[in-house]
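Below you'll find the structure, written out as structure tokens, and then a few comments.
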Amino acid sequence: MTEKQPLVSIITPTYNHEKYIGECIESVQAQTFSNWEMIVINDGSTDKTYEAAQKSAGNDSRIRVINQENKGIFRLAETYNKALSLANGKFIAILEGDDYWEPEKLKIQTEVMENDNSVVMGWGKAASRVAFLKEIYQVHPVSSSKNLSFYFNNPPGTIFNAVFDDFFPPLTYIIRKDALLRIGGFNQVLPFPAVDLNTVLALSKLGNFHFSDCILGTWRIFPEQTTKTLGIDIFEGGNKIILNHYRSFTEDEKSRINFTDKEIWKSYHKRKVIAYSRSGRFKLIKRDFKGARKDYLISLKYRGLTEPVWKLRSLTGLIFSFLHLDVELLAKWVGKGSLK
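Each residue of the sequence shown is one higher than the one before, counting from 16 in the working numbering.
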């Protein structure tokens, strides 16, 4: 019964999600688990996100829609922690305004969290979908860790072994509020334009995680989102976070990690070639030919023959940037997926 269910506080930061916030809220209202509250914080949207959120919330007293002046992506932790300060729940869940959940999401996770006090955080699989298409684009994590115990963070700290597998989808998180408060709330390390990675790695030292091997929700992909426009910040900031956490480990903790500081840097060099090539491709789609050339040149000049296939892609993109041509046509011709 509802009175025996723990309260889950859902934190929903949103910015210019007028098209999507309704489906986001409706997916929460459709949960088979009913004892929740939803805190929607509109970060000074320039469209009608605030009005759309209010309309979708209607008379549902479990939903609060709060308007604030724009803080932006690099002050995202302030927005998250503002919502956290208003949260009354035993558990904290995350659902940003352009994403949505499967109906059983909260039920699946709260049962696990209630039955195992050693678990400080639950997470699971998420589908990604291009905003204007119906079919699933990918399921994340894309490639499962070779050792699934890493996903369960057992023993604590070992999820660090999976940081290069894929990202941990924030829309799947459920976190014990007391654990979150113990690490000082949501943490953001600039220039990383999100709170998830640093927060998860800090939580990983406090206890086990639970990984649900099923799709819990859907992450929407569209051209204006952070993962597309700030790809280099994500790459550079992410590496900074990974290094900071690795260097904070004791020798005993490092003995449970499958790579070293040197190998983190080796991976960084490879990923930098790829990150700048991808950024160049995105800018080419946006017809920012000068910006594309800059990123492609960084990819080409960095570390000699590191990642030769990606360097060939960068060279192709560089040529297309001078010709003001669309490289996506070539991608389609050779059978590769288009970023469009």
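Even glycine gets a Cβ: it sits at the ideal position worked out from N, Cα and C.
Helix, strand or coil: which one does DSSP assign to residue i?
i    : result
E52  : strand
T27  : strand
S227 : strand
N168 : coil
G73  : coil
R191 : strand
Y115 : strand
D58  : strand
I272 : coil
T331 : helix
T321 : coil
I36  : helix
I88  : helix
Apart from the five residues just before and just after residue i, which ones in its own chain have a Cβ nearer than 6 Å to its Cβ?
i    : result
Y152 : S143, R144, V145
F183 : W138, V215
R318 : H284
T233 : Y115, A142, R144
T173 : F165, R271
E268 : G172
Y311 : G295, S329, G332, L333
Taking the alpha helix (DSSP H) that residue i belongs to, which residues open and close that run?
i    : result
P184 : Unbroken run through P184: none, as it is neither H nor E.
T214 : 211-218
A153 : The question names Ala, but residue 153 is Gln in the sequence shown. No alpha helix (DSSP H) contains Q153, which is instead part of the beta strand (DSSP E) from 153-155.
T125 : 120-130
G46  : Per the sequence presented here, residue 46 reads as Gln, with Gly not at that position. Careful: Q46 lies outside any alpha helix (DSSP H) and carries neither H nor E.
H284 : 276-300
Y261 : 246-263
L22  : Note, L22: premise wrong, no alpha helix (DSSP H); not H, not E.
D310 : 304-316
N96  : 91-101
Closer than 7 Å by C-beta to residue i: which residues in its own chain qualify, once you throw out the five before and the five after it? Chain order, please.
i    : result
K285 : T321, E322
E7   : Absent from the model: residue 7. The displayed extent of the chain is 16 to 355, so no value can be given.
I36  : T29, T64, A67, A68, S71, G112
F337 : none
M16  : Note that M16 scores a pLDDT of 40, beneath 50, so its modelled location is shaky and nothing firm can be said.
Would the beta-carbon of residue i fall within 7 Å of that of residue j?
i    : j    : result
A141 : L186 : yes
N82  : Y95  : no
N424 : Y283 : Because the chain in this structure spans residues 16 to 355, residue 424 falls outside the shown range and cannot be described.
K220 : P171 : yes
E204 : A108 : The residue asked about is misnamed: residue 204 is Val in this sequence, not Glu. No, they are not a contact pair.
R296 : G246 : no
W51  : I25  : yes
K86  : D113 : no
A307 : K316 : no
K105 : P156 : no
L101 : I54  : yes
T47  : E129 : no
I88  : P208 : yes
L99  : G199 : no
L231 : E126 : no
Report buried or exposed for residue i, applying the criterion of at least 16 other Cβ atoms within 10 angstroms of its Cβ.
i    : result
S49  : exposed
C229 : exposed
W325 : buried
T27  : buried
K281 : exposed
A177 : buried
N168 : buried
K287 : buried
S76  : exposed
S133 : exposed
R235 : buried
Y188 : buried
Could you check where the beta strand (DSSP E) with residue i kicks off and where it finishes?
i    : result
K140 : 134-145
F106 : 106-109
N82  : 78-83
V204 : First-last for V204: undefined, no H or E at that position.
V178 : Counting along the chain, V178 falls outside any beta strand (DSSP E), and DSSP gives it neither H nor E.
Please find out if some non-hydrogen atom of the ligand ATP comes closer than 6 Å to the beta-carbon of residue i.
i    : result
A290 : Annotation note on the ligand ATP: not contained in the displayed structure, which lists no ligands.
Which same chain residues end up closer than 8 Å to residue i when comparing Cβ atoms and leaving out the 5 residues on each side of it in sequence?
i    : result
V135 : I190, R191, A194, L218, L221, G222, N223, F224
D131 : N223, H225
K63  : E33
G73  : none
D276 : L258, Y261, R262
E41  : S71, Y115
Do we get a CB-CB distance below 7 Å when we pair residue i with the residues of chain B?
i    : result
I189 : Chain labels in this structure do not include chain B; a single protein chain is all it has.
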